[in-house]
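Here my numbering is used: the first residue of the sequence shown is 165, the next is one more, and so on.
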Amino acid sequence: MGREIRRADPRTSSSAVKLLPLLIPGAFRIDVDPLEDERGFFARTFCREELRRHGVDFPVAQCSVSFNREAFTLRGMHFQAAPCPEQKIVRCTAGRVWDCILDLRPASPTFKQWVAEELSAANRRALLIPEQCAHGFLSLEPETELLYMMSAPFAPECARGVRWDDPVFGIAWPAPPRVLSAKDRLFPDFTG
C-alpha cells in the first residue's frame with residue numbers, strides 16, 4: 165500500500181526574500197525564493213523584518229498599478245520631494261521592463277548616478293527605490309504591468325521629475341521610447 169507524501173505547505177513554510185544591495189546606497193534588488201510543487205509556487209514578496217535587517221524602515225502606505233499597452237512606453241523620471249518623500253518597491257507582474265533608479269541626493273556618493281535592472285514577470289524581481297531617488301522604466305513588451313508599493317501616500321504638491329534624456333545623467337536607455345507623456349517629455353534641465 166502506498167503512503168501519503170507530505171509537501172511543504174506555503175501557509176506555514178518559509179519563503180525567503182533576498183535583498184541585494186545595488187551601487188546606489190539604500191537601493192536594493194529584491195529576489196524571491198519560491199516554494200514550488202505540482203500546484204505551482206508560493207513566494208513571499210515583501211518582508212518588513214528582512215528590510216529592517218538591512219536598515220530599511222518601509223511602512224506600506226499605498227499600492228498602485230501601472231499598465232502599459234505598448235512596448236517601449238517610457239515613464240519617468242519621478243520622485244516625491246520633501247516634506248513628503250517616499251520610498252518605492254516596484255515589481256513587474258506582467259511583461260518585462262528596463263527599470264532605472266537615479267540618485268538625486270546631493271550628499272550621496274552616487275549623486276547624479278543611476279543603476280538599472282531588467283524586471284519581468286518571469287524573474288519575479290523587484291527594486292527598492294530610496295527617498296529622493298528618481299524612478300523610471302521602459303516597457304520592453306506590450307501589455308506590461310508594474311505593481312508599486314509606496315511608503316507614503318501620493319502628494320501632488322510634492323511630485324517632481326527630471327527628464328529621462330537629460331545629458332547631465334547620461335542614462336543609457338536600451339531603446340528610444342515610442343510612447344512618452346507630455347509631462348515626462350517637458351521636465352526642465354536638471355540644475356541641482
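For every residue, glycine included, the Cβ atom is placed at its ideal position computed from N, Cα and C.
Report task. Would you kindly report the start and end of the unbroken alpha helix (DSSP H) that includes E214? Result -> As a first step, residue 214 is located in the sequence shown; it is residue number 50 there, counting from the start. Note, E214: alpha helix (DSSP H), R212 to R217.
Query - Contact set for L187: own chain, Cβ-Cβ below 7 Å, skip 5 residues either direction - result: Here the question's residue 187 lines up with position 23 in the sequence shown. The residues T274 and V279, in chain order, have a CB closer than 7 Å to that of L187 in the same chain once the five nearest residues on each side in sequence are set aside.
Requested in this report: Can you give me the start and stop residues for the alpha helix (DSSP H) that R349 sits inside?
Outcome: Translated into positions along the sequence shown, residue 349 becomes position 185. It spans A346 to R349 - the alpha helix (DSSP H) in which R349 sits, taken as one unbroken run.
Query - Where C264 falls: helix, strand or coil (DSSP) - result: Taking the first residue of the sequence shown as position 1, residue 264 is located at position 100. Three-state DSSP puts C264 in a strand.
Query - Rounded Cβ spacing between L266 and A298 (contact assumed at less than 8 Å) - result: Stepping through the sequence shown from its first residue, residue 266 is reached at position 102. Stepping through the sequence shown from its first residue, residue 298 is reached at position 134. Going by Cβ atoms, the distance from L266 to A298 rounds to 4 Å, so yes, they are a contact pair.
Requested in this report: Write down the C-beta distance between D201 and K182 rounded to the nearest angstrom, noting that I regard them as a contact closer than 8 Å.
Outcome: Here residue 201 corresponds to residue number 37 of the sequence shown, with the count starting at 1. Here residue 182 corresponds to residue number 18 of the sequence shown, with the count starting at 1. Going by Cβ atoms, the distance from D201 to K182 rounds to 21 Å, so no, they are not a contact pair.
Requested in this report: State the Cα-Cα distance for the pair A323 and I293, rounded to the nearest angstrom.
Outcome: For this step, residue 323 is matched to residue 159 along the sequence shown. For this step, residue 293 is matched to residue 129 along the sequence shown. Answer to the nearest angstrom: the Cα atoms are 15 Å apart.
Query raised in the report: Quick one: what's got a C-beta closer than 8 Å to C227's C-beta in the same chain, skipping five residues either side?
Result: Position 63 of the sequence shown, counting from 1, holds the residue named residue 227. L311, Y312, M313 and M314.
Query - Cutoff 8 Å; reference R170; Cβ partners in own chain excluding five residues on either side - result: For the purposes of this step, residue 170 is taken as residue 6 along the sequence shown, with counting starting at 1. In this prediction, R170 has a pLDDT of 37, which is less than 50 and means its spatial position is unreliable; what the coordinates show is noted afterwards. Around R170: no qualifying Cβ.
Query raised in the report: According to DSSP, is M165 helix, strand or coil?
Result: Taking the sequence shown and counting its residues from 1, the one referred to as residue 165 is at position 1. Confidence at M165 is low in this model, with a pLDDT of 47, below 50, so the placement of that residue is unreliable and no value is reported for it.
Query raised in the report: Would DSSP call P185 helix, strand or coil?
Result: Within the sequence shown, residue 185 is the residue found at index 21, counting from 1. P185 falls in the strand class under three-state DSSP.
Query raised in the report: What is the rounded straight-line gap between the Cα of Q277 and the Cα of F206?
Result: Position 113 of the sequence shown, counted from the first residue, corresponds to residue 277. Position 42 of the sequence shown, counted from the first residue, corresponds to residue 206. In this model, Q277 and F206 are separated by some 35 Å (Cα to Cα).
Query raised in the report: Is the segment 324-337 touching the segment 250-260, taking contact as three or more C-beta pairs under 8 Å?
Result: They do not touch, by the three-pair rule.
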